[in-house]
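**Student:** Quick one: the structure is below, questions incoming.
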Amino acid sequence: MFCVKCGKEVSNEGNFCHHCGNKIKNETVIITSEKSIIQKSTKNNQKIEDKIINVIKIVVATFLLLGAWSYMIGFFLFLEKQLEF
Ligand SMILES: [Zn+2]
83 MFCVKCGKEV SNEGNFCHHC GNKIKNETVI ITSEKSIIQK STKNNQKIED KIINVIKIVV
143 ATFLLLGAWS YMIGFFLFLE KQLEF
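Residues in the sequence shown are numbered consecutively from 83, following our numbering.
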């Protein structure tokens, strides 16, 4: 194993480079894990956004249906009143 910072050979057991004191094992592991966490979180966010968009679509569709339905009912009530008089 070689140090990323100074390029000198380092023992696999130590987490720090004996020549420059650079972190070796932990740093690479943390970076990869952080990247995977970020990728996972972005994927989850995309899923949540898709869910929100779907919910908004459903809500808009139901409101449109309710609006059309209430308009129809109002129109029929108006016709009934017209017929009564
Ligand atoms: Zn080094």
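Cβ atoms here follow ideal geometry from the backbone N, Cα and C, with glycine treated the same way.
#1: How many angstroms separate the CA atom of residue 91 from the CA atom of residue 84?
#2: Distance check for residue 166 and residue 159, CA to CA, integer angstroms please.
#3: I'd like to confirm the pairing. Which residues does DSSP put opposite residue 131 in its beta bridges?
#4: Could you say which of 121, 89, 122 lies nearest to residue 106 if we only look at CA atoms?
#5: Please report the straight-line C-alpha distance between residue 125 and residue 136, rounded to a whole angstrom.
#6: Mind checking residue 102: buried by the 16 CB within 10 Å criterion, or exposed?
#7: Which value, in whole angstroms, describes the spacing of the CA atoms of residue 151 and residue 144?
#8: In the DSSP output, what is residue 105 paired with across the bridge?
**Tutor:** According to the data block:
#1: The sequence position of residue 91 within the sequence shown is 9, counting from 1. The sequence position of residue 84 within the sequence shown is 2, counting from 1. Rounded to whole angstroms, residue 91 to residue 84 spans 4 Å at the Cα level.
#2: Sequence index remark: in the sequence shown, residue 159 carries index 77 (1-based). Sequence index remark: in the sequence shown, residue 166 carries index 84 (1-based). Rounded to the nearest angstrom, the two C-alpha atoms are 11 Å apart.
#3: Counting from 1 along the sequence shown, the entry for residue 131 is found at position 49. Looking at the DSSP assignment, residue 131 forms no beta bridge with any residue, so it has no partner.
#4: What you label residue 106 is simply residue 24 of the sequence shown in a count that begins at 1. It is 89 whose Cα lies nearest to the Cα of residue 106.
#5: Start at 1 with the first residue of the sequence shown, and residue 125 comes out as number 43. Start at 1 with the first residue of the sequence shown, and residue 136 comes out as number 54. Straight-line Cα distance between these residues: approximately 17 Å.
#6: Walking along the sequence shown from the start, residue 102 turns up at place 20. Exposed, since its Cβ has fewer than 16 Cβ neighbours within 10 Å.
#7: Here residue 151 corresponds to residue number 69 of the sequence shown, with the count starting at 1. Here residue 144 corresponds to residue number 62 of the sequence shown, with the count starting at 1. The straight-line gap from Cα to Cα measures roughly 10 Å.
#8: Looking up residue 105 in the sequence shown gives position 23. Answer is 98.
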